[in-house]
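Visitor: The structure is given below, and queries will be raised subsequently.
Numbering (my numbering), first residue to last: 28 to 388.
This is the structure:
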């Protein structure tokens with residue numbers, strides 16, 4: 028696997044960004060941490076906007092060390108901010124063309140990884156091309172900003188909370204587009220967000236930062252389900268189950284997702300393609316535990332046989348539980364009173380009950 032290696036030592040007043048790590052140049056790397064932990068500074072360092080001491084190397088390329096500094100415009104990095112910064116006087120098509128023409132001018136001999144037509148097709152923007160930015164919704168503007176960055180055929184796409192100001196529907200739509208990019212066009216994405224559901228939806232690897240340092244970097248599922256980490260202990264804790272979408276009920280708008288031996292029912296407003304691999308996001312606080320099978324008369328559609336791997340009592344009277352479901356890890360959050368009442372034990376078998384309406388693809 029191709030890797031990006033970097034080390035940096037950046038001082039800003041009382042804050043110090045002190046990192047030494049390797050990140051994959053494939054898939055999507057999610058980056059999170061408390062406000063002020065250094066996430067945005069780290070992305071700016073990778074892009075070349077922070078010229079403090081540090082090194083950045085890619086396979087056969089040095090972007091920065093004590094002798095070399097490749098300026099931002101020559102690193103071929105795409106950068107999408109929370110503020111879209113579109114050219115207000117240009118149409119959507121001209122905004123996207125700007126990125127593509129810039130790449131061709133700087134790299135006349137290089138092969139194009141993604142064409143203008145492919146960018147427009149991926150983001151389904153055919154009906155927006157002649158509009159100006161002020162004629163677009165917030166979600167549409169975000170699509171154009173991402174499309175322009177991709178049209179520049181970047182070696183690496185950096186996203187700094189690009190969807191923070193969008194409604195849930197727009198956010199879900201754009202996340203579905205982003206998932207395609209690394210695999211379809213071999214363009215890796217480093218994606219900063221405070222939203223755990225966003226990160227669970229798209230991340231292959233998760234990096235947690237804390238006070239300018241790396242707290243944890245590992246496979247996304249391992250990080251999300253590590254009950255010793257702040258992500259699992261937060262009020263928005265979530266995890267995911269990977270399965271295959273095998274059927275779609277158009278009458279009830281429900282997708283059926285096959286795990287190894289068990290089935291999940293997930294709401295899906297649009298008709299889904301069958302036999303595709305899919306990821307189901309599970310909110311920890313929406314998982315109820317029982318030692319007995321649920322009654323068939325209950326409204327809860329999903330009851331999964333699970334094994335308690337470990338658990339931890341939190342100071343706020345809640346207990347976070349790591350469960351194994353068909354060899355995949357998820358987490359549940361229940362009251363400590365409930366945990367003690369049901370005599371929760373490591374290795375014990377339980378039923379994890381999840382209302383279908385709380386799940387997302």
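Think of the CB as a built atom: it goes at the ideal place given N, C-alpha and C, for glycine as much as any other residue.
On the criterion of 16 or more Cβ atoms from any shown chain inside 10 Å, does residue 356 qualify as buried, or is it exposed?
Guide: For this step, residue 356 is matched to residue 329 along the chain shown. Per the 10 Å Cβ criterion, buried.
Visitor: Excluding the 5 residues preceding and the 5 following residue 344 in the sequence, name in chain order all residues of the same chain whose CB lies nearer than 8 Å to its CB.
Guide: Within the chain shown, the letter at position 317 stands for residue 344. Excluding sequence neighbours, residue 344 sits near 362, 363, 364.
Visitor: For the putative contact between residue 185 and residue 34, defined by C-beta atoms under 8 Å, what is the C-beta separation to the nearest angstrom?
Guide: Taking the chain shown and counting its residues from 1, one reaches residue 185 at position 158. Taking the chain shown and counting its residues from 1, one reaches residue 34 at position 7. Contact flag wrong, Cβ pair sits at about 18 Å.
Visitor: Report buried or exposed for residue 389, applying the criterion of at least 16 other Cβ atoms within 10 angstroms of its Cβ.
Guide: In the structure displayed, the chain extends from 28 to 388; residue 389 sits before or after that span and is not available.
Visitor: Would a C-beta distance cut-off of 8 Å place residue 316 and residue 369 closer than the cut-off?
Guide: Here residue 316 is taken as the residue at index 289 of the chain shown, counted from 1. Here residue 369 is taken as the residue at index 342 of the chain shown, counted from 1. Cβ distance < 8 Å, so residue 316 and residue 369 count as in contact.
Visitor: To the nearest angstrom, how far is it from the Cα of residue 28 to the Cα of residue 366?
Guide: Residue 28 sits at position 1 when you count from the first residue of the chain shown. Residue 366 sits at position 339 when you count from the first residue of the chain shown. Taking the straight line joining both Cα atoms gives about 42 Å.
Visitor: Rounded to the nearest angstrom, how far is the Cβ of residue 293 from that of residue 311, given a contact under 8 Å?
Guide: Translated into the one-based positions of the chain shown, residue 293 becomes position 266. Translated into the one-based positions of the chain shown, residue 311 becomes position 284. At roughly 17 Å, the Cβ-Cβ gap does not stay under 8 Å, so residue 293 and residue 311 are not in contact.
Visitor: Which residue's Cα is closest to the Cα of residue 103: 36, 239, 178?
Guide: As a first step, residue 103 is located in the chain shown; it is residue number 76 there, counting from the start. For residue 103, the nearest C-alpha among the options comes from 178.
Visitor: Go to residue 194, then tell me how far its beta strand (DSSP E) extends in each direction, as first and last residue.
Guide: Walking along the chain shown from the start, residue 194 turns up at place 167. Neither: residue 194 is in no beta strand (DSSP E) and is coded neither H nor E.
Visitor: From the DSSP output, in three-state form, read off residue 244 for me.
Guide: For the purposes of this step, residue 244 is identified with residue 217 of the chain shown, where counting begins at 1. Strand, per DSSP.
Visitor: Between which two residues does the alpha helix (DSSP H) containing residue 367 stretch?
Guide: Here residue 367 refers to the residue found at position 340 when the chain shown is read from its first residue. Secondary structure note for residue 367: its alpha helix (DSSP H) is the uninterrupted segment 363–368.
Visitor: Compare the beta carbon distance of residue 201 and residue 166 with 8 Å and say whether it is the shorter of the two.
Guide: Translated into the one-based positions of the chain shown, residue 201 becomes position 174. Translated into the one-based positions of the chain shown, residue 166 becomes position 139. Result yes, Cβ atoms of residue 201 and residue 166 sit closer than 8 Å.
Visitor: In whole angstroms, give me the CA-to-CA distance for residue 309 and residue 58.
Guide: Translated into the one-based positions of the chain shown, residue 309 becomes position 282. Translated into the one-based positions of the chain shown, residue 58 becomes position 31. Using only the alpha carbons, I get a separation of about 20 Å.
Visitor: To the nearest angstrom, how far is it from the Cα of residue 158 to the Cα of residue 118?
Guide: Locating residue 158 in the chain shown gives position 131, counting from the first residue. Locating residue 118 in the chain shown gives position 91, counting from the first residue. If you take the alpha carbons of residue 158 and residue 118, they lie about 5 Å apart.
Visitor: Would you kindly work out how many angstroms separate the C-alpha atoms of residue 112 and residue 360, rounded to a whole number?
Guide: For the purposes of this step, residue 112 is taken as the residue at position 85 of the chain shown. For the purposes of this step, residue 360 is taken as the residue at position 333 of the chain shown. The straight-line gap from Cα to Cα measures roughly 40 Å.
Visitor: Closest to residue 60 by CA distance: which of 216, 188, 384, 100 is it?
Guide: Walking along the chain shown from the start, residue 60 turns up at place 33. The shortest C-alpha separation from residue 60 is found at 188.
Visitor: Quick check on residue 150: buried or exposed, where buried means 16 or more other Cβ atoms within 10 Å of its Cβ?
Guide: Counted from its first residue, the chain shown places residue 150 at position 123. By the neighbour-count rule (16 or more Cβ atoms within 10 Å), residue 150 is buried.
Visitor: Check residue 351 in the structure and name its three-state DSSP category.
Guide: Taking the chain shown and counting its residues from 1, one reaches residue 351 at position 324. Strand, per DSSP.
Visitor: What does the alpha-carbon distance come out to for the pair residue 32 and residue 194?
Guide: Here residue 32 refers to the residue found at position 5 when the chain shown is read from its first residue. Here residue 194 refers to the residue found at position 167 when the chain shown is read from its first residue. In a straight line, the C-alpha of residue 32 is about 35 Å away from that of residue 194.
Visitor: From which residue to which residue does the beta strand (DSSP E) around residue 32 run?
Guide: As a position in the chain shown, residue 32 is number 5, starting the count at 1. Unbroken beta strand (DSSP E) run through residue 32: 30–39.
Visitor: Please report the distance separating the alpha-carbon of residue 374 from that of residue 348.
Guide: Indexing the chain shown from 1 puts residue 374 at position 347. Indexing the chain shown from 1 puts residue 348 at position 321. One C-alpha to the other measures close to 12 Å.
Visitor: Just reading off the beta strand (DSSP E) that residue 105 is part of, what are its end residues?
Guide: In the chain shown, the residue the question calls residue 105 occupies position 78. Residues 104–107.
Visitor: In angstroms, rounded to a whole number, what distance separates the CA positions of residue 256 and residue 226?
Guide: Here residue 256 corresponds to residue number 229 of the chain shown, with the count starting at 1. Here residue 226 corresponds to residue number 199 of the chain shown, with the count starting at 1. Each residue's CA atom was taken as its position, placing residue 256 and residue 226 some 15 Å apart.
Visitor: Please specify which runs of the alpha helix (DSSP H), each continuous and at least 4 residues long, are wholly inside the stretch 50–137, giving them in chain order.
Guide: 66–74, 119–133
Visitor: Taking C-alpha atoms, which residue in 305, 334, 68, 306 lies nearest to residue 318?
Guide: To locate residue 318, count along the chain shown from 1; it is residue 291. Nearest of 305, 334, 68, 306 to residue 318, Cα basis: 334.
Visitor: Quick check on the burial criterion: 16 or more other C-beta atoms within 10 angstroms. Buried or exposed for residue 236?
Guide: Here the question's residue 236 lines up with position 209 in the chain shown. Looking at its Cβ environment, which holds 16 or more other Cβ atoms inside 10 Å, residue 236 is buried.
Visitor: Taking only runs that begin and end inside the stretch 303–333, name each unbroken beta strand (DSSP E) of 3 or more residues, in chain order.
Guide: 303–310, 314–317
Visitor: So residue 44 and residue 82 are supposed to be a Cβ contact under 8 Å. How far apart are they, rounded?
Guide: Here the question's residue 44 lines up with position 17 in the chain shown. Here the question's residue 82 lines up with position 55 in the chain shown. 14 Å between Cβ atoms; not a contact.
Visitor: What residues in its chain sit with their C-beta under 6 Å from that of residue 269, if we drop five residues either side in the sequence?
Guide: Counting from one through the chain shown, the residue named residue 269 turns up at place 242. Cβ within range, chain order: 306.
Visitor: So, is residue 215 buried or exposed, given that buried needs 16 or more other C-beta atoms within 10 angstroms?
Guide: For the purposes of this step, residue 215 is taken as the residue at position 188 of the chain shown. Per the 10 Å Cβ criterion, buried.
Visitor: What residue range is occupied by the uninterrupted alpha helix (DSSP H) comprising residue 282?
Guide: Working through the chain shown from its first residue, we reach residue 282 at position 255. Where residue 282 is concerned, there is no enclosing alpha helix (DSSP H), although the beta strand (DSSP E) around it starts and stops at 281–285.
Visitor: Taking the alpha carbon of residue 51 as the reference point, which residue from 254, 250, 246 has its own alpha carbon closest?
Guide: Against the chain shown, residue 51 aligns to sequence position 24. The option with the nearest alpha carbon to residue 51 is 246.
Visitor: Scan the stretch 133–208 and note each continuous beta strand (DSSP E) run of 3 residues or more that stays entirely inside, going in chain order.
Guide: 183–187
Visitor: Rounded to whole angstroms, how far is the Cβ of residue 171 from the Cβ of residue 229, which I believe are closer than 8 Å?
Guide: In the chain shown, residue 171 corresponds to position 144, counting from 1. In the chain shown, residue 229 corresponds to position 202, counting from 1. Not confirmed; about 19 Å, so no contact.
Visitor: What are the partner residues of residue 47, as DSSP defines its beta bridges?
Guide: Here residue 47 refers to the residue found at position 20 of the chain shown. For residue 47, which the question treats as bridged, DSSP gives the partners 34.
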